[in-house]
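For reference, the structure discussed in these notes is given below.
Residue numbers (this note's numbering): 31 to 328.
Rendered as structure tokens:
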């Protein structure tokens with residue numbers, strides 16, 4: 031295999047000269063002498079065998095060939111700098127990959143803001159995100175397949191996690207659903223006449239029977255699918271307020287006024303796969319970003 035005749039350093043010098051507009055400005059940015067910048071570019075053009083630059087007064091501009099070649103070299107420069115950044119991270123103990131398991135009812139806006147902030151700190155760390163339902167939490171924790179979990183916990187196990195927030199669930203139906211034409215507050219007997227839309231673990235045993243005088247319950251494996259079913263009028267259901275807020279504001283859905291309580295809450299916790307991971311700087315940074323989004327850290 032033949033070795034390259036040009037160096038990455040030469041292409042970086044060319045890129046900097048074009049970005050700064052002159053040899054003098056590029057020399058300042060690169061912390062070099064102007065003569066070393068000129069020497070690097072002369073060597074590059076000599077090895078390429080093409081004129082890459084034109085000097086108009088004090089301003090350096092690319093020739094047509096120079097523009098085409100620098101455009102091809104630019105992603106290589108970025109990739110090489112990223113490679114060096116990743117190598118430095120590995121030297122400092124930065125993880126190359128993290129696995130995150132999140133209950134599907136955790137507010138998406140908070141989740142993705144936390145991930146965006148984490149990405150700005152660790153751009154070379156890949157995050158594998160798995161969404162789960164409440165019924166899958168225990169199985170996921172027992173498998174210890176992730177570095178960090180956002181999940182529900184039984185009261186007796188809550189001590190093993192850090193409380194993040196309560197998710198409010200509200201009863202909703204399409205705004206023209208027959209339930210909304212009945213006198214409020216609605217009773218259990220009123221609700222029993224219409225399908226209840228719920229979200230359930232795909233491995234949960236099916237409910238083969240339902241009480242006499244009631245309509246069969248419909249189950250879906252994602253909050254999004256349940257929301258769509260309610261939106262088209264298939265039935266009513268309890269969904270996270272954050273998921274239905276826009277539909278309530280634009281009038282597509284309406285909240286049901288019940289004789290019983292009209293808000294249910296589910297508590298979510300953060301759990302580390304291993305307590306020693308709180309000393310892992312990459313996992314700790316992700317955990318901190320999530321805690322900040324939950325207003326638990328400044």
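Beta carbons: idealized from backbone N, C-alpha and C, even for Gly.
- Nearest in C-alpha terms to residue 312, of all of 77, 44 and 129, is 129.
- Counting only runs of at least 3 residues, the stretch 104-157 fully encloses the following beta strand (DSSP E) elements, listed from N- to C-terminal order: 127-133.
- For residue 220, the enclosing alpha helix (DSSP H) starts and ends at 218-221.
- Residues 57 of the same chain have their beta carbon placed closer than 8 Å to that of residue 63, with the five preceding and five following residues left out of the count.
- The way I'd put it, the stretch 192-205 does touch the stretch 243-261; three or more beta-carbon pairs between them come closer than 8 Å.
- Between residue 133 and residue 283, the C-beta gap is not smaller than 8 Å, which leaves the two residues out of contact.
- Contact between residue 125 and residue 275 does not hold, since the beta-carbon distance rounds to 35 Å and is not under 8 Å.
- Beta-bridge partners assigned by DSSP to residue 90: 85.
- Closest in alpha carbon position to residue 151, among 292, 326 and 315, is 315.
- If you draw a 10 Å sphere on the C-beta of residue 252, you find fewer than 16 other C-beta atoms in it, and that means exposed.
- Rounded to the nearest angstrom, the gap between the Cα atoms of residue 70 and residue 127 is 38 Å.
- Between residue 91 and residue 82, the gap from beta carbon to beta carbon reaches 8 Å or more.
- In this structure, residue 224 and residue 296 do not form a Cβ contact; the two beta carbons are roughly 23 Å apart against a cut-off of 8 Å.
- According to DSSP, residue pairing for residue 192 in a beta bridge involves 300.
- A straight-line Cα-Cα distance of about 8 Å links residue 74 and residue 41.
- Shown here for residue 288: same chain residues with a beta carbon closer than 7 Å to its own, the five before and five after excluded, namely 201, 215 and 216 in chain order.
- Residue state for residue 102 is assigned as helix, using DSSP reduced to three classes.
- Closest in alpha carbon position to residue 85, among 78, 96, 79 and 77, is 96.
- Straight across, the Cα-Cα distance linking residue 76 with residue 154 is about 36 Å.
- CA-CA distance, residue 54 to residue 146, rounds to 37 Å.
- Sorting 51, 78, 211 and 44 by C-alpha distance to the C-alpha of residue 34 places 78 at the top.
- By the Cβ neighbour-count rule, residue 176 is buried, with 16 or more other Cβ atoms within 10 Å of its own.
- Residue 275 sits in a helix when the DSSP states are folded into three classes.
- Going by DSSP, residue 316 is part of the alpha helix (DSSP H) stretching over 311-323.
- Minimum Cα-Cα distance from residue 294 among the listed residues 209, 281, 279 and 268 corresponds to 268.
- In the three-state reduction of the DSSP assignment, residue 259 falls in the helix class.
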